[in-house]
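J.: Counting from 1 along the sequence shown, just add 668 to a position and that's the residue number in our numbering.
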Amino acid sequence: MSYIAEGYTRNNNREFVQYLFIAKASTADLLNHLYIAHDLAYLHEEDFIELTTDIKNIQRNISQLIKHLRASSSPVQPIPSNQIN
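Below you can see the structure in the form of structure tokens.
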């Protein structure tokens with residue numbers, strides 16, 4: 669999700685939220701491709717269910733982050749490099 673990474677580097681939450689909406693739209697596009705692959709029998713049913721569940725969870729997480737950022741007055745703070753594993 670490069671849109672999330674790019675949005676994170678922006679100067680404020682408003683811009684970050686814009687990129688999160690783009691990232692969420694990309695997940696919808698991916699979900700559409702999975703439905704097509706499933707309809708064409710390129711995916712096993714179990715794989716289709718697992719992947720669509722994962723994507724829907726990602727969409728929900730992005731939505732929660734958007735809600736949090738809109739409610740927050742403080743901008744997103746980068747994680748110091750010495751704290752990244």
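Don't be surprised by glycine CBs; every beta carbon is placed ideally from N, CA and C.
Buried or exposed for Ile-704, going by 16 or more other Cβ atoms inside 10 Å?
T.: Classification of Ile-704: exposed, given that the 10 Å Cβ count is below 16.
J.: What separation, rounded to the nearest whole angstrom, lies between the Cα atoms of Ser-741 and Thr-721?
T.: So the alpha carbons of these two residues sit roughly 32 Å apart.
J.: For Ala-673, is the classification buried or exposed, using 16 other Cβ atoms within 10 angstroms of its Cβ as the cut-off for buried?
T.: It counts as exposed.
J.: Tell whether a beta-carbon distance below 7 Å holds between Leu-708 and Leu-719.
T.: Going by C-beta atoms, Leu-708 is not nearer than 7 Å to Leu-719.
J.: What are the boundary residues of the alpha helix (DSSP H) that includes Asn-679?
T.: Asn-679 -> no alpha helix (DSSP H), and no H or E assigned at all.
J.: Round the Cβ separation of Ile-730 and Ala-691 to the nearest angstrom and send it over; I've been treating them as touching at under 8 Å.
T.: Yes, they are in contact, since the Cβ atoms of Ile-730 and Ala-691 sit about 6 Å apart, within 8 Å.
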